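Working notes, beginning with the structure itself.
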Amino acid sequence: MTTLENKTLVIIGASSGIAARIAADATEQGAQVISTGRPEVDLADEASIRALAERVGELDYLITLAADHANGPVTELDRTAVHRAFDAKVIGPILLAKHFAPRFRPDGAMLLFSGVAAWRPAPGRSVMASTNAAAATLAEALAVELAPLRVNALSPGIIDSGAWDGPAKDAFFESVAARNPARRIGTPADISAAALLALTNPFLTGTTLHVDGGGRLA
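74 is the number of the first residue of the sequence shown in my numbering; add one for each residue after it.
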């Protein structure tokens, strides 16, 4: 295993609770973390991605957690919203690979974020299922094309990250935990631990880590 000591880690999509936990854990382990959100980089804008790569220079690790959901019945989907969803999860990561791949130091790694919806599609979640599945496949393709740069994907399940906060949260979490083989809801710490493993394990590439409590099987 390598360590994060003195490594440069770029996190795309830094507004989420999961991203914040990854940044905190990586910093505690000695990494220099560069966190960026939409104000700094727009994954629908290649010029924005190119500019970020030029500002960062050399790096060791990159994680993209960006998402832009287009949920709802397929008969009512807005084409622009669908495009934004694919920009965040698929097209944007392709362009990140394009502009950052030459800048990785030896033993570098990229981590894309997929999601359990790819393995458990539900009505109103067709775009989410498609983009998450594409992200997992993209990680495999990039791992082959960009080798020896390692590329993996991480597929979270239902995580208590703040995204589910609301009046129905407790009942929803109880329902999910009751059918999950792990019998609980995930935490940002669970995802952070898996993300940092994916970055630092030198023999892990082209793989999707399912950190979902077994939710895709339930």
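The beta-carbon is built from N, C-alpha and C at its ideal position, and this holds for glycine as well.
These numbers were taken from a predicted model, which means no experiment stands behind them.
Whether residue i touches residue j by CB criterion (9 Å)
i	j	result
residue 269	residue 102	yes
residue 122	residue 184	no
residue 133	residue 181	yes
residue 265	residue 91	yes
residue 144	residue 197	yes
residue 75	residue 229	no
residue 231	residue 200	no
residue 273	residue 77	yes
residue 318	residue 186	Residue numbering for the chain in the displayed model covers 74 to 291; residue 318 lies beyond these limits and cannot be assessed.
residue 193	residue 288	yes
residue 267	residue 257	no
residue 233	residue 246	yes
residue 89	residue 239	no
residue 179	residue 221	yes
Identity of the residues DSSP links to residue i by a beta bridge
i	result
residue 225	184
residue 105	81
residue 197	Partner(s): none; residue 197 has no beta bridge.
residue 281	226
residue 137	85 and 185
Three-state class that DSSP yields for residue i in the structure shown
i	result
residue 115	coil
residue 75	coil
residue 276	coil
residue 169	helix
residue 258	coil
residue 310	With the chain running from 74 to 291 in the structure shown, residue 310 is simply not present.
residue 98	helix
residue 122	helix
residue 132	strand
residue 91	helix
residue 232	strand
residue 205	helix
residue 270	helix
residue 251	helix
residue 219	coil
residue 286	coil
residue 143	coil
residue 291	coil
residue 190	helix
residue 241	coil
Residue closest to residue i, alpha-carbon to alpha-carbon, out of the options
i	options	result
residue 162	203, 221 and 236	203
residue 115	160, 95, 89 and 254	160
residue 176	219, 279 and 165	219
residue 191	179, 173 and 210	210
residue 216	174, 288, 96 and 285	174
residue 147	178, 140, 195 and 245	195
residue 124	149, 237, 171 and 241	171
residue 207	237, 140 and 247	140
residue 254	290, 166, 93 and 151	290
residue 165	239, 119 and 205	119
residue 157	117, 241 and 214	117
residue 212	271, 248 and 244	271
residue 167	155, 96, 214 and 252	214
Within-9 Å CB hit, residue i to chain C
i	result
residue 182	Among the protein chains of the structure shown there is no chain C, as only one such chain exists.
query = Can we say the region 81 to 89 touches the region 112 to 129, given the rule of at least three CB pairs closer than 8 Å?
reply = yes
query = Pairing CB atoms from the region 276 to 290 with CB atoms from the region 215 to 234, are three or more of them under 8 Å?
reply = yes
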